[in-house]
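Notes for the one structure printed next.
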Amino acid sequence: MKHGDNPLTLETRREKLGTSVLTATSVLFVRQNLPLPPPEFVADREGWTARVEGVKRPGEIRVAELKKLGLATMATVLQCSGNGRKYYKHDPSGSRWGVGAAGCVMWSGVPLRQVVEHLGGIEKGARYLTTTGGEPLPEGVDRNLVVVERSIPIEKALDDCLLAWEMNGEPIPRSHGGPLRLIVPGYFGCNQIKFVKQLAFTRDQGPAKIQQTGYRMRAVGVKGSPDQPPMWEMPVKSFITLPTEQTPVVAGKFRVMGVAFGGARAVSKVEVSTDGKRWQRARWVGPDLGQYAWRVFELELERRPGPVKLYSRATDAAGEVQPELRNENERGYGNNSWRDMGVTVQVCESSDEICLTPPPEEGAVKPRGPRKPVELSEAGKRGRTIFRESAAPPCSTCHTLADAEATGAVGPNLDELGRSVQQVRATVTNGVGAMPPFDKTLTPEQIEDVARYVFEATRRD
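Numbered continuously in this note's numbering, the sequence shown closes out at residue 1735.
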């Protein structure tokens, strides 16, 4: 399912997950904070260099050199922090992921601690590893507003993190951060930096917006700040992969399958229910690839014809149980609600019966109708000037919008997105992702004009 073209955003269909423990690279979800670098930017895989700071012997090191320092393989769940966002009722900004912004991947690379040892160890006083991605940055925009740079605790960095150059037995493709990606087992994907260009052991968390105010757990309506919990460790989670709304079953006995993982800990058990009250323990299928991988489970059920709701609930090694309800928060992060993850399946009388009309794929970007001739109100005309010239930086620097003759490639293509006045107003006011909030540089009236303009300029029948 496609959520966007620029940056490229793809979700794996539910039924494509859990047929084996590892998720094929060809169907793994894709999430970019910035546009993909051109192929030539990452063509020299062996010669790709990353700078290491905060060690006794700082300097640059090539992938070819990293490969001589050691080798480890590890299976981990890779999951976007916004996976499950579509279930939130307040329509958070960001891709409306269902369950498919997750997968289980086998990584190969060198343990980060061995790189540190090779460079003489860490300088005193460091508390964090701050990793910077190498994506080219747009001109005319403050580096800290757009750079992909995240910090994690130094204890985690030196425990089990990898600098990986291979996934599922092949070189990491460009869409997943090759030639070099930081792998942080048990942490959300936003911390697993692609195109690694710098690793710095620092006293404080990095200054980039994506670290200081982005990916923070905060209440609905509250702006991001450094004192809010960062999106680091993933919680325990499971979901059904087969059957789904798209795959009816015949009355009688049928098999339920799914995946379960413990996030930062191993998963210990998973249960299945048809009413959310009575639970049956499922059995594991396939190999256990370690505490950071997910497990595939199955359970045989028997049902009469009609709709049935299927839920799964996992428990991790520490006894933490997957909750019934989601944690309400501004950005729709960290959803592991078993009720939200449930599926409604049609049970047919026989295999000859057609008892299902497939619903539209929720969350994916729907094809938009034909463009209407742009007719701007007075507010829209004022907003067009602000969009192109007055905002700092101008919105046209980062966004594509045909009416404004804007071809920016950092933010979403507004011609494709189709947002309401209310949604644009909230995004411009509060910021989202790499986009800064404009509430301090634009008046409420100016923000309203911009929101009106974007809506009017992108309206469809």
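Note that CB positions come from ideal geometry on N, CA and C, so glycine has one too.
If you're wondering where the values come from, they're calculated on a predicted model, not measured in any experiment.
Any idea what DSSP makes of residue i, helix, strand or coil?
i	result
arginine 1642	Unreliable placement is indicated for arginine 1642, whose pLDDT of 49 sits below 50; the coordinate value is still reported in the next sentence. Coil, per DSSP.
histidine 1673	coil
arginine 1733	coil
tyrosine 1727	helix
glutamate 1334	strand
serine 1651	coil
proline 1445	strand
valine 1619	strand
glutamate 1722	helix
glutamine 1697	helix
leucine 1340	helix
aspartate 1279	strand
isoleucine 1467	coil
aspartate 1664	According to the sequence displayed, residue 1664 carries serine and not aspartate. Serine 1664 falls in the helix class under three-state DSSP.
proline 1504	strand
valine 1706	strand
lysine 1497	coil
glutamate 1440	strand
phenylalanine 1712	coil
threonine 1659	helix
alanine 1298	coil
phenylalanine 1513	strand
arginine 1287	coil
phenylalanine 1303	coil
arginine 1613	helix
Would you call residue i buried or exposed, if buried means 16 or more other Cβ atoms sit within 10 Å of its Cβ?
i	result
aspartate 1677	buried
histidine 1364	exposed
glutamate 1574	exposed
threonine 1631	With a pLDDT of 48 at threonine 1631, under the threshold of 50, the modelled position of this residue cannot be trusted, and the question is left open.
glycine 1685	buried
proline 1634	Residue placement at proline 1634 is poorly supported in this model, since its pLDDT is 49, which falls under 50; the coordinates are not used for a value here.
proline 1281	buried
lysine 1330	exposed
threonine 1701	buried
proline 1503	exposed
glutamate 1320	exposed
arginine 1529	exposed
proline 1445	exposed
threonine 1297	buried
threonine 1715	exposed
glycine 1333	exposed
threonine 1732	buried
Check for me: the beta strand (DSSP E) holding residue i runs from which residue to which?
i	result
aspartate 1689	Element bounds for aspartate 1689: not the beta strand (DSSP E) but the alpha helix (DSSP H), 1688-1691.
leucine 1432	Taken as a continuous stretch (DSSP letters only), leucine 1432 belongs to no beta strand (DSSP E), being part of the alpha helix (DSSP H) at 1428-1434.
valine 1326	1323-1327
arginine 1455	1455-1457
Taking a contact to mean a Cβ-Cβ separation below 8 angstroms, would you say residue i touches residue j in this structure?
i	j	result
tyrosine 1585	arginine 1555	no
arginine 1492	asparagine 1601	no
glycine 1608	methionine 1505	yes
arginine 1738	cysteine 1464	Examination of residue 1738 is not possible in this model, given that the chain is present from 1275 through 1735 alone.
tryptophan 1558	arginine 1587	no
aspartate 1723	glycine 1657	yes
glutamate 1327	phenylalanine 1469	no
threonine 1283	glycine 1374	no
valine 1295	glycine 1560	yes
alanine 1789	methionine 1508	Nothing about residue 1789 can be reported from this structure: the residues present for the chain run from 1275 to 1735 only.
valine 1389	leucine 1437	yes
leucine 1411	tryptophan 1322	no
threonine 1518	arginine 1288	yes
serine 1367	arginine 1605	yes
glutamate 1730	glycine 1654	yes
valine 1582	threonine 1548	yes
alanine 1376	phenylalanine 1303	yes
leucine 1340	valine 1379	no
asparagine 1610	lysine 1497	no
valine 1422	glutamate 1409	yes
serine 1369	threonine 1347	no
arginine 1693	valine 1728	yes
leucine 1386	alanine 1317	no
glycine 1488	isoleucine 1514	no
asparagine 1418	alanine 1482	yes
Spell out whether any CB of chain D is found under 8 angstroms from the CB atom of residue i.
i	result
alanine 1556	This model lacks chain D altogether; it includes just one protein chain.
Locate the alpha helix (DSSP H) running through residue i, then write down its first and last residues.
i	result
lysine 1483	1483-1486
Give, in chain order, every unbroken run of the alpha helix (DSSP H) that is at least 4 residues long and sits entirely within the region 1342-1426. Complete alpha helix (DSSP H) runs here, min 4: 1386-1392, 1417-1420.
Can you check the region 1517-1595 for any beta strand (DSSP E) of at least 3 residues that lies completely inside it and give the ranges in chain order? Counting only runs of 3 or more, we get 1526-1535, 1541-1547, 1557-1559, 1569-1577, 1580-1590.
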